[in-house]
Every structure is written in structure tokens, then in C-alpha cells.
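A.B. asks:
Residue numbers (mature numbering (1 follows the signal peptide of the UniProt record, and there is no 0)): -27 to -1, 1 to 575.
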């Protein structure tokens, strides 16, 4: 990756400051940063506002948004810049939509469940969703839980924890026959996993025109050799319109319905989880950084890059996505936007802990550390380590002792605002008194870089277009109620009544044709597609050059070069793995560093 030459001010050696405060700069260019970073917080006009500014219905969202004269101006500028950057995606969404309508006037080309694959094939090859050729693959459906929707699956610890009664799983013996084990033996050996949405029942309700099912899915590692086995679906159980348990041995109509209902809600919930982790929590961090850290601070680069335009993205939720009836959620997603704003986000906040959301802690808590084929974890772990290998030497020269940390007034103000009792408090964020080494500080910086530049793009961005609205297996909404009984639904009824009815009626928006609703969903998905320039890439975001006048810059430049090398190795490993699966499963390259930007704003 080509490096840009960054000026010396990134290493705390600014010529204008040298002119005005030569003693401070001389101090700043030695090992202990006692110059600019020891001054008071830089921007008192950058204040902590609330989401009430977007309307009273958002007043209880427990996050901060830039306020005060400086903060409000910055947030407005970020919104404008971000929307401008979305221009290519919006233009291409319009082109795609017109292509689909032209190829399928009045929806006449959709005559059966397989017709969607032929319609997607009308798009340019590079714009065809990754899932389009695998919509009936159970292996692809299961692999989504460990690639593009990886944050909710967990291991079943015991038969008592099994979320679906075994006697309701028709054909159970046949389904697990290749393992040569019984279900209790599979559970005991750690090969059974669940994804249960029923605990969210009190915190979600259906968007207008949607028929929201709240299912639980059961998955297992198939095959006689567990380390080489493949995750496969075992059963899906409904809880709203019926209490049926569906399996791969059911009719095509019933099994596609079950997977479509599961994916529909899964897409919505992962969208909210991504927004919570990758934008709202991050916004507290970013707002404190903007208020407290000057541009010459040693942490400036590692906070400004992940935070780039995040306030602009966050504003889209209350102003575009969550508005009742006309927002993106209510238009094409099954969960009502106001349920997200008033119930689901506060629920996630009540469960949140900063430390528990580090990759290793999260994966361990869900019992997935040794799951075979967990590609998201393999890629995310490699990237997390690479970012930490960058952050540690990029931080160490400036904080050699505990006193250099506790004596940095800007840093202490930044950390205090984020810890318990602070105005931008993040649940579980460590108290400043516990952060006494550069390694500990680097771990926090690397986590933010990872949240914005890695996890966000595993569960958003190109993922939305490639997986979230790919019919018939991943529709935006179920548009009619599933039948109460199994075995009575035909494939044609599933298509014509539930997935692709002739018309779709919604409050305020009125009635649209099936193809218009379908294209609207595809357009929302494409809005998140990435159009990256080289300067946007994760590696290029942290590039600096060594500067003779600034001790410490050599270490940071070396760390930057090492990051490049690490990312190149990770990219090669991902491509090698996915090349071997071409034609068998959808290609999972969302965490290939060549596809990763440095922030969550793109």
C-alpha cells in the first residue's frame, strides 16, 4: 500500500507551535510529552449534547452527540460531507434499480422462488449480491452465522439449555447421522449452537406492513471429523404465528419460509447491534476526543481516523432510518424504527460492558473460541493483533512511565469523561486510575481502531448489499402471516403471498407494486456499498514518515510499516482460503484488508 507523507505535526512537532511556544515544543519532542498535551482540554466549546435535539422520542437514548457551538458546527459539517460521499452509492443504486425494473417490468419475470437468481444475474457481475447464487444452500445459510452475521451465535452448554425441544425436531436422527453421535453427545462435545431472538420479544415490534416472526435457530457441526466439519442448520422454531419447528427435511416452501423469517429478523438485529457498537458507543469516545485532545496529542491520529465523519453517520438514524412510517426501517425492514429507538437500543445499552466486547472476551463468553470454520473470528483476530502491534509502539515513546500518563492533562480529561460518572460515560470503560502503562492505553486505542475499521465492516457496509436483502432467502419483510400448520404452504403461495405479493401497502407511503418494493429494498442495501479510494484503506489511514526533529516518530513509522506487512499477509491468507471455496459457498472477503477502510463512516 502506498504511503502518504504526513507532516511532522502528527508527531507533535508543529512549526507554528514552535514559533509561539518553543519551550513547549522542545519538551514535546522528547520522550515524555510535557508540552501541548499537558495543557487544558483543547476545545471547551465542543460540548456534550443529547439526542433530544433530534426529537423528544430520542431523549432517553443514553449516548452523547456533539453539542455547543463548536460541536454543533462540526456535526453539521460531518453530516454534509458524509452525504456527499454517499453520492456514488446513491447514483449506482438508481442505476441498479432501473436495470432491475427494465429486466422485470411489473415483476412479471418472478414466477417462482428461483426467478430471483435470474433477475440478479441481469446486474453487472461486480454488482451481483454474493448470496444470489447460494440462496437455497443450507451450508451458506449456516455460514452466515460465522461470517457476516457473527455476533449472536452461542454454544449450547447442556441439553437443559437446548432452546428447541428435541422431540419437536422431526427427522433428528437422519439430520445428524453423518456425525455418528446422538444429540446429547453432540451437545457434550461442544458441537451444537443456538441463535435465539425470543429474549428480544419485549423490545421489538413489527414495522408497518411487516409480519414479524421471532424465531430461534439451532445449528451443529456436521461430519464425523469435528475439526474438519461444517456448520449446518438443524432446526428453526417459530414463536409468534405458530410454534412449529422447521428442519431441512421439510417441504421446500416450509424450509425457505423458516430461513427467510430467520434472516429477515437477523438482518434487522445485526443492523442495530452494528449501529450500537460501531457508531453510538464510538460517538461517545469520539466526542470526548474532539473536546479534550489537541491535534498534537500522541493519540490524535489513533482517534481522529476511526472517528472520521462518525457524527455524520449517527445523525442518519434519527433523521432518516428510524422515523415512523417513512424511515428506512419502517419502509423495508421488519422491526419498527421507533421500537429500535425507544426499546431495543436502551436494552442493548443496559447489557453493554466495554471490556466484554473485546473480540477474545466476546468469543469466549459465547463458547465459540474453538469452532471450526469460524472465518470471522480468524480474520478479526489477525486484524486485531495487527492493530495492537501498531498501537503499542506508536504509544510507548510518549508514555514511558505511569507519571507520564497521569501527568497528561488532556489524556486524563479524555479518559475521565468516558469512565463511570463522566459526561460521556461508556459502561465498563476503565477508570483513569487503572490506565498506568502505555500498553494499556494502546489496547484501548487499538480496540477503537478495530471497532471502526474491522468489526463495523464485517456486519455492515458491503455485507448489507451482499446478504441482507437477497431474495427469496433474505427478504426485507415477510408481507403476510405464515400459516399455522406445516405442510400446507406451497412454493407459489410463499412467493405470491408472503415474499412477493402483487402489491405492498404501507401507512403514509401508500401502495406500491411488488417490483417497486423489491427495488426499494435493493436500493437501501446498495446505499451502504463501499466505493473506496486508496487513501480510505485501513493501512493507509495510519501511515506516517519518520522525522528527524521528533524523537518517537521513527518508532511510529516503523510500526506503520509493520502494519502494512501484517495486513498484506492477512489479505493473502483470506484470499487463499476463499479461493478454495469458490463455487461452493459465498466468498467471505469483507475483512480482507484490501476491502477495509479505516473508519466506520464509509
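Beta carbons: idealized from backbone N, C-alpha and C, even for Gly. Everything numeric in this text was worked out from a predicted model, so none of it was measured.
Verify whether the separation of the beta carbon atoms of residue 345 and residue 112 is less than 8 Å.
C.D. replies: No, they are not a contact pair.
A.B. asks: State the Cα-Cα distance for the pair residue 42 and residue 438, rounded to the nearest angstrom.
C.D. replies: When rounded, the distance between both Cα atoms is 37 Å.
A.B. asks: Where does the unbroken alpha helix (DSSP H) through residue 203 begin, and where does it stop?
C.D. replies: Element bounds for residue 203: not the alpha helix (DSSP H) but the beta strand (DSSP E), 203 to 210.
A.B. asks: Can you give me the start and stop residues for the alpha helix (DSSP H) that residue 301 sits inside?
C.D. replies: Where residue 301 is concerned, the enclosing alpha helix (DSSP H) stretches over 301 to 305.
A.B. asks: Grab me the residues of residue 310's own chain with a C-beta within less than 8 Å of its C-beta, minus the 5 sequence neighbours each way, in chain order.
C.D. replies: Only 180, 294, 295, 296, 297, 300, 301, 302 and 303 meet the Cβ criterion.
A.B. asks: Using 8 Å as the cut-off, can you tell me whether the stretch 393 to 405 makes contact with the stretch 333 to 345, which would need three or more C-beta pairs spanning the two stretches below that distance?
C.D. replies: As far as the Cβ criterion goes, the stretch 393 to 405 does not touch the stretch 333 to 345, which means the pair count is below three.
A.B. asks: Is the Cβ of residue 282 closer than 8 Å to any Cβ of chain C?
C.D. replies: The chain inventory of the structure shown lacks chain C, comprising one protein chain alone.
A.B. asks: Could you give the residue range of the alpha helix (DSSP H) that holds residue 160?
C.D. replies: Note, residue 160: alpha helix (DSSP H), 156 to 161.
A.B. asks: My output table needs one value for residue 393: the three-state DSSP class, helix, strand or coil.
C.D. replies: DSSP places residue 393 in coil when its eight states are reduced to three.
A.B. asks: Taking its Cβ as the centre, do 16 or more other Cβ atoms sit within 10 Å of residue 493, making it buried, or is it exposed?
C.D. replies: Buried, by the Cβ-count rule.
A.B. asks: Between which two residues does the beta strand (DSSP E) containing residue 479 stretch?
C.D. replies: Residue 479 -> beta strand (DSSP E) spans 476 to 479.
A.B. asks: For the stretch 290 to 373, which segments carrying the beta strand (DSSP E) assignment without a break, of at least 3 residues, lie completely within its bounds, in sequence order?
C.D. replies: Correct list: empty.
A.B. asks: By the DSSP assignment, the beta strand (DSSP E) with residue 39 in it spans what residues?
C.D. replies: Here the beta strand (DSSP E) through residue 39 covers 38 to 40.
A.B. asks: Hey, how far is the Cα of residue 354 from the Cα of residue 243?
C.D. replies: Rounded to whole angstroms, residue 354 to residue 243 spans 20 Å at the Cα level.
A.B. asks: Report the rounded CA-to-CA distance for residue 525 versus residue 424, giving the unit in angstroms.
C.D. replies: If I take the Cα positions, the gap works out to 26 Å.
A.B. asks: Is there contact here, the stretch 437 to 455 with the stretch 493 to 509, by at least three beta-carbon pairs under 8 Å?
C.D. replies: The stretch 437 to 455 is in contact with the stretch 493 to 509.
A.B. asks: Does the count of Cβ pairs from the stretch 397 to 409 and the stretch 46 to 53 closer than 8 Å reach three?
C.D. replies: With the cut-off at 8 Å, the stretch 397 to 409 and the stretch 46 to 53 do not touch.
A.B. asks: Provide the residue span of the beta strand (DSSP E) that contains residue 194, from first to last.
C.D. replies: First-last of the beta strand (DSSP E) with residue 194: 189 to 195.
A.B. asks: Could you check which residue in 477, 238 and 422 has the C-alpha nearest to that of residue 572?
C.D. replies: Residue 422 is the option with its Cα nearest to residue 572.
A.B. asks: Do you know how far the Cα of residue 537 is from the Cα of residue 576?
C.D. replies: Nothing in the structure corresponds to residue 576, since the chain is present only between -27 and 575.
A.B. asks: Out of 250, 109 and 75, state which residue places its alpha-carbon closest to the alpha-carbon of residue 87.
C.D. replies: It is 109 whose Cα lies nearest to the Cα of residue 87.
A.B. asks: Going by the beta-carbon positions, is the gap between residue 452 and residue 477 smaller than 8 Å?
C.D. replies: Yes, they are a contact pair.
A.B. asks: On a Cα-Cα basis, can you pick out the residue from 562, 53 and 364 that is closest to residue 535?
C.D. replies: Here the closest residue by C-alpha is 364.
A.B. asks: Run through the stretch 63 to 147 for me and flag every whole alpha helix (DSSP H) of 4 or more residues, listed as ranges in chain order.
C.D. replies: Taking only runs of at least 4 residues, the alpha helix (DSSP H) segments lying wholly in the stretch 63 to 147 are 88 to 93 and 111 to 116.
A.B. asks: Taking the alpha-carbon positions, what's the residue 509 to residue 567 distance?
C.D. replies: For residue 509 and residue 567, the distance between alpha carbons rounds to 10 Å.
A.B. asks: Can you give the Cα-Cα distance for residue 5 and residue 20, rounded to whole angstroms?
C.D. replies: Residue confidence is low: residue 5 scores 34 on pLDDT, short of 50, so the model does not pin down where it sits. Its coordinate-derived value is still stated next. Going by the C-alpha atoms only, they are around 29 Å apart.
A.B. asks: Mind checking residue 307: buried by the 16 CB within 10 Å criterion, or exposed?
C.D. replies: Flag for residue 307 reads buried.
A.B. asks: Secondary structure at residue 22, three-state DSSP: helix, strand or coil?
C.D. replies: Strand.
A.B. asks: Flag this pair as touching only if the stretch 222 to 237 and the stretch 267 to 278 have three or more C-beta atom pairs under 8 Å; answer yes or no.
C.D. replies: Contact between the stretch 222 to 237 and the stretch 267 to 278 is absent, because fewer than three Cβ pairs lie under 8 Å.
A.B. asks: Give me the residue from 16, 17, 38 and 15 with the minimum Cα distance to residue 24.
C.D. replies: Per the Cα distances, 38.
A.B. asks: For residue 385, I'd like the list of residues in its chain whose CB is within less than 6 Å of its CB, leaving aside the five on either flank, ordered along the chain.
C.D. replies: Cβ within range, chain order: 405.
A.B. asks: Just to check my reading of the structure: residue 161 and residue 196 have Cβ atoms closer than 8 Å, yes? What is that Cβ distance to the nearest angstrom?
C.D. replies: Contact flag wrong, Cβ pair sits at about 17 Å.
A.B. asks: Any idea which residues DSSP pairs residue 473 with across the strands?
C.D. replies: In the DSSP output, where bridge partners are listed per residue, residue 473 has none listed.
A.B. asks: Evaluate the contact criterion for the stretch 467 to 481 versus the stretch 28 to 37: three or more CB pairs, one atom per stretch, below 8 Å.
C.D. replies: No, the stretch 467 to 481 is not in contact with the stretch 28 to 37.
A.B. asks: Considering only residues of the same chain and omitting the five flanking positions on each side of residue 257, which have a CB-CB separation below 7 Å?
C.D. replies: So the qualifying residues of the chain are 36, 37, 391, 397 and 399.
A.B. asks: How many whole angstroms separate the CB atoms of residue 126 and residue 168, which I take to be in contact at a CB cut-off of 8 Å?
C.D. replies: With a Cβ gap of about 5 Å, residue 126 and residue 168 count as contacting.
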